[in-house]
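Structure representation (structure tokens):
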């Protein structure tokens, strides 16, 4: 019985282990390849003509790059730009038709410790303070080494984005769980405001982009070094029968920036059976687990996969991230209040960390366990920066009222309670402190005057804190030895550890950009040690 | 370049993927093997003489069994006995010098829903009630399919243990988080009271046992079916350089019963960085993660690995499980009270589930964050069933006092507070209900009279709720497909899911015995489909 490819069963297509007899020096077997060894590493990719079947410890690379980045979100683009800036040839693949993944539909909010905007506003901040905030929100479960790297890299990452054309609003915002305002936001109020200019910049610099190109599995040599990946080109998500299988080689490393799995119903329910199908998610359809699972299968270390965050600011009245999430983040929570729909009373610090708010909101249920959607509102002054409000009003997922009485009547809230609650809150705002629920009201506004803008709130599956373990060089670690898996990097949501039990808002952008850059920079230090040699002969 | 074994780097010894070219039909290549195909499956294992090196898709099995069980605790012995009772040849391997793992040092407490002892005591119970209790303690994170199987199997598993010689105390106990008393306990007050008779019974029936035999990795065929394991015989824990490598074949399946990882400092800190080295564990030294990790590496699904339980009844004054844990479980908590060492006031329901108690105790810290060990005590009447008390007194990890005043003085507790607390508690006990902290005092006793027995309390790392995912047949599931990995079973603490966020006391024995039996029974249904055929020729 031979071991030729055609004898493999159909389901083995996802299994990289059958590559394990690939040997160093046997990768590039034809004469045409030898000239490649002479080419500079920036050379355009070349097709290698080796036999069609996998035999005798030889594989076929249809293309070879210095670095392959899987995923085109914040982490992927940061890694690609950084590697390219060091002169490497870089391929970015994206399984979806459009680039950017969740990053393009996120709010474009980026926590930077020590930004010029903070200095201008007289806000004292430091990486150490950000570290403490994230550790507190993470309930101590954070991986401190990665967290340390993350908070120390935000300023540089901010400058890096400016260099690549990203534009931010001139003011800094106060997101829940942060002890000071430190959140910058793109002028577009969207992550697309980061993704689009960074991708344009990368393309100009010569980074190769392929969409509809799905990562399938890793190609490893005999020493388990990752030397490439198997992909499907012309893949049409989610049709697993679509696409043409190809092998890409990576001279210095593969960087996995394939994101989280909030939209992978099967895998998220294995981790938390409560996250059932009728719980909506803010994530795009492609947010699935295959990238993480492929890494686990070659020995990566799983970290805290069941720590899954529900976004505590979304609306049950619209699908996905929607327009309400941004309204609440920018206006409703910092500049307004949220009340129990039965009592008209506030029940949580609207600026607590996400987990605290998520838990408080999910506890709002009637005796049968059915959700009682809380009402969040602010007034015209509070909503002035909420760019998504017109759309939310248009789609009737937000409502405008001239008076509190009208607001109360619309939602069948007890008006007297509500008025009393607003009065009490306004008193704390006027004093600049002393809020009953511990909210920092030093930058809040009085809600005495309308008109008011109100939304209903219910959490959605938003972010998977867990993923694979990396070291501070963004190298993926082997679960048995704790040592790096040679040739394999990861950054962004596909990794686990920095956020612990609960990620703070605007720290995903920070995570992706900072660790993505580190991955791209570290892989560029490996040029003296290619993972395979193009000059070895087949019989070496 | 050949793929012969000697070219593999040293670190690949833990890597099963290099076996991936092993093909069905190529396992047993010599003429001497053919006679094995004729032998009944109960035949004693035979050494197969095939070439020393792994070449051309051939491996060497030094021994072949119908079933190989990895681990000799509750799950392992239950699986072995069940498989043996169906006529299969069974090997049980244990890496430590002694058999039984953690199971021998646990308290021998077994939750059975519907035991004769319950009926005798007039206690109404059902699998459904146990299911609800475990789901509540598990905070809804439980895998319902496995939980269902678990609670429905306790009665039969109880009878199974009786058949194999286990003896229980004639009364039923009330452990924390269970809504009724349903915990049986061996007369020895130890899991050794289950392990020893079951192992003797298994040996009599012909199960082969090998200690100092460490599981190293799986051997898979081309279709990723698990057909055997690589072990180290004569292994001296924890010396990884000791032992002689051997390959064992398993005709119908390998059952992983290798336990949890509470004593694997590196891996447990990856999952929960707060579980640092100076936090003690109740577990034996061999409770490490390599079994789980090896399964993940062949595609098993990780479940909730960061859900790690601290035992809320152990003592900071002794190492390991110790004598105090049993005292608190049997006497201190159900028959006594636990107080804050600064105030003399109770601070938690002593019969709450483990997580609730663990969290409450761990919150007992001074302003610098240092532990303030709570004091738990009962009186002579309450301690009458606590067999470990004499040892605890002898080793001065428990103390005896004639009066409450003496007890208070010894621990520098405010006596008046303490007396008031005891009086209040006694009132609730006299009423049979109405405890301030919600404790079920219907079976509690008055603490009006001494002498008193007291201990100090601090949690220790006790149980890893997470592990690999199995289906209700105890088959290990592939993370990508959700389908069983052919030839691979798992049961007991190495699996994840049934307990969710917090395992209830005495449910580990239930889990191990019930799911172990299911694994052993299911593998016995596979005799028509051996994982490899001994009659295939090398060139088929």
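Residue numbers (full-length UniProt numbering), protein chains in the order written: chain R, 1 to 540; chain Z, 1 to 540. Where is the CB? At the ideal position from N, CA and C, for every residue including glycine.
Where residue i falls, given that 16 or more other Cβ within 10 Å makes a residue buried
i, result
"residue 403 of chain R", "exposed"
"residue 528 of chain R", "exposed"
"residue 282 of chain R", "buried"
"residue 102 of chain R", "buried"
"residue 97 of chain Z", "exposed"
"residue 410 of chain R", "exposed"
"residue 72 of chain R", "buried"
"residue 263 of chain R", "buried"
"residue 368 of chain Z", "exposed"
Residue(s) in a DSSP beta bridge with residue i
i, result
"residue 460 of chain Z", "Z/311"
"residue 415 of chain R", "In the DSSP output, where bridge partners are listed per residue, residue 415 of chain R has none listed."
"residue 339 of chain R", "R/346 and R/375"
"residue 365 of chain Z", "Z/371"
"residue 173 of chain R", "R/183"
"residue 467 of chain Z", "Z/303"
"residue 223 of chain R", "Residue 223 of chain R pairs with nothing; no bridge assigned."
"residue 542 of chain Z", "For residue 542 of chain Z there is no data in the structure shown, the boundaries of chain Z being 1 and 540."
"residue 256 of chain R", "R/70 and R/490"
Within chain R, the residues that residue i reaches when beta carbons sit closer than 8 angstroms
i, result
"residue 242 of chain Z", "Residues of chain R passing the Cβ test: none, with the nearest at roughly 18 angstroms."
"residue 140 of chain Z", "273 and 274"
Closer than 8 angstroms to chain R by CB, residue i
i, result
"residue 293 of chain Z", "yes"
"residue 337 of chain Z", "no"
"residue 60 of chain Z", "no"
"residue 355 of chain Z", "no"
"residue 479 of chain Z", "yes"
"residue 532 of chain Z", "no"
"residue 469 of chain Z", "yes"
"residue 304 of chain Z", "yes"
"residue 297 of chain Z", "yes"
Proximity test, Cβ basis, 8 angstroms: residue i and chain Z
i, result
"residue 307 of chain R", "yes"
"residue 91 of chain R", "no"
"residue 504 of chain R", "no"
Chain Z contact residues for residue i, given Cβ-Cβ distances below 7 angstroms
i, result
"residue 301 of chain R", "270"
Same chain only: Cβ atoms within 6 angstroms of residue i, ignoring 5 sequence neighbours per side
i, result
"residue 300 of chain Z", "468 and 476"
"residue 31 of chain R", "Low per-residue confidence applies at residue 31 of chain R: pLDDT is 30, beneath 50, and the placement is therefore not dependable enough to give any value."
"residue 305 of chain R", "271 and 466"
"residue 428 of chain Z", "434, 435 and 441"
"residue 175 of chain R", "183, 505 and 506"
"residue 366 of chain Z", "372"
"residue 191 of chain R", "103, 104, 106 and 108"
"residue 349 of chain Z", "437, 438 and 439"
"residue 358 of chain Z", "310, 312 and 459"
"residue 198 of chain Z", "77 and 164"
Within chain R, partners of residue i - CB distance below 7 angstroms
i, result
"residue 472 of chain Z", "Going along chain R, no residue has its Cβ under 7 angstroms from residue 472 of chain Z, so there is no contact; the nearest lies around 15 angstroms."
"residue 266 of chain Z", "482"
"residue 486 of chain Z", "Per Cβ cutoff of 7 angstroms: no residues; residue 486 of chain Z is ~11 angstroms from chain R at best."
Cut-off 8 angstroms between Cβ atoms - residues of its own chain near residue i, not counting five sequence neighbours on either side
i, result
"residue 521 of chain R", "82, 83 and 86"
"residue 226 of chain R", "218, 219, 220, 250, 253, 254, 298, 485, 486, 487, 488 and 531"
"residue 373 of chain Z", "316, 341, 364, 456, 457 and 458"
"residue 139 of chain R", "355, 500, 501 and 502"
"residue 121 of chain Z", "171, 172 and 181"
Chain R residues whose Cβ lies nearer than 9 angstroms to that of residue i
i, result
"residue 246 of chain Z", "Within chain R, no residue comes near residue 246 of chain Z; the closest Cβ sits about 20 angstroms away, beyond 9 angstroms."
"residue 143 of chain Z", "270 and 273"
Within chain Z, partners of residue i - CB distance below 8 angstroms
i, result
"residue 605 of chain R", "One cannot answer for residue 605 of chain R here, as it falls past the ends of chain R, which runs 1 to 540."
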